[in-house]
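So the sequence shown is residues 0 to 283, counted in numbering that gives the first Met the number 0. Idealized CB from N, CA, C, for every residue including glycine. Remember, it's a predicted structure, so these values are computed and weren't measured experimentally.
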Amino acid sequence: MTQRTEKASWTDRIAGLMIPSDGLTLNAFSDAIWCSPDQARGAARYLHNKRLVFVSEQAGVIRVFPAAKRPGRGRPSRVSVGIRPTLDPRLARLITESAPIFYALALLQRERAGIDWREQAERMVEIEDAISVEAGRIMTLCRRSMDGRKGTESNWIRDALWLFQPAIMPVVAERHPTLARDGVLAAAEPSQAKRLPNHMSDAERVLSYVAQAGRRGITVSDIVNKMRCKRATVDDVARTLESVGQVMIVECRSASRGRVGTRLFDPAHGEPSVLPDGRLVVVE
């Protein structure tokens, strides 16, 4: 078939074709006029010049519309040729910003797998702390991406992260159970400190704060701030409770740096493990 015969064939085929008002994609147009996809662009341009169709191109995407029925041709009225995003912008931002964090978690996880806890306990503690920090950053990104959504409406964030990083998400879920596969990611609610009844004695208050602190214990300074009393008062109560076995007093620090301080622990969790340099080791 010669080129002239081929163009005449396009003109004949378009004559009886009903093009929808929202137009046709280039592939749909090639199917409609029975031409190969390679010829569709040339056919569309040819028929556009013949004023038989109107061809619009935005961001490299071609769409064929019915010919405008007015002088000057121009774009058909009330027609929007928007390109819908294939990925939710919030999800794209979450994946982009979380990628370097997941990379850091992968390196920490690989290093942790090759360390013997008994021989390098201090290094293991540092790795666990670093993993907790990076997991917290992932949780912060998730909270920001939720944009006010609650309950199951926000599970798409969790599911997307598990699809994106299935090997690393279990490490994050250990620190933040709401990001587990069966968890429910809910919007962060304003944290309110639990107030203790006014009729409680100083010893009962100290025991309550120690119990709430869990395995990590609580410093005497924190208890002083919570109770709004003198340091000597808390020290006296702590020594009394230690004498009857209700608390354990240990000189240690919970961070890799900083001064050693006095912490109170609940004996129900066992004796705390402290490294020679005063670093507290907490195994959840």
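Asked                                                                                                                  : Found
Pairwise C-alpha distance: residue 272 and residue 208                                                                 : 20 Å
C-beta contact flag for residue 129 and residue 160 at 8 Å                                                             : no
Spatial neighbours of residue 167 in its chain, beta-carbon cut-off 8 Å, leaving aside the 5 residues before and after : 101, 104, 105 and 108
Beta-bridge partners of residue 272, as assigned by DSSP                                                               : 280
Assigned secondary structure, residue 199 (DSSP; H/G/I helix, E/B strand, else coil)                                   : coil
contact_flag[the stretch 8-16, the stretch 49-65] where n(CB pairs < 8 Å) is 3 or more                                 : yes
Nearest-angstrom beta carbon gap, residue 89 and residue 144 [assumed within contact, 8 Å]                             : 5 Å
Distance between residue 42 and residue 60 (C-alpha atoms, nearest Å)                                                  : 15 Å
8 Å contact criterion, which residue 250 and residue 259 should meet: CB distance rounded                              : 5 Å
Cα-Cα separation, residue 196 to residue 204                                                                           : 9 Å
According to DSSP, residues forming a beta bridge with residue 249                                                     : 262
Run of the beta strand (DSSP E) containing residue 62, from where it starts to where it stops                          : 60-65
Pair within 8 Å by beta-carbon distance, residue 18 and residue 64                                                     : yes
Beta-bridge pairing of residue 285 - partner residues as DSSP gives them                                               : Given that the chain is displayed from residue 0 to residue 283, the structure contains no residue 285 and the question cannot be resolved.
Neighbour-count burial assignment, residue 257, 16 or more Cβ in a 10 Å radius                                         : exposed
Residue 278 versus 127, 26 and 242, residue with shortest Cα-Cα distance                                               : 127
Residue nearest to residue 57 in terms of C-alpha spacing, selected from 275, 238, 24 and 245                          : 24
Backbone secondary structure at residue 173 - three-state DSSP                                                         : helix
For residue 199 and residue 116, the rounded distance between their alpha carbons                                      : 42 Å
Cutoff 8 Å; reference residue 9; Cβ partners in own chain excluding five residues on either side                       : 32, 34, 42, 45 and 46
Residue of 118, 263, 27 and 214 minimising C-alpha distance to residue 220                                             : 263
Given residue 93 as reference, the closest of 138, 113 and 55 once Cα atoms are compared                               : 138
Cβ neighbour criterion (16 or more within 10 Å) applied to residue 243                                                 : exposed
CB contact flag (residue 177, residue 218, <8 Å)                                                                       : no
Extent of the continuous beta strand (DSSP E) to which residue 56 belongs                                              : 52-57
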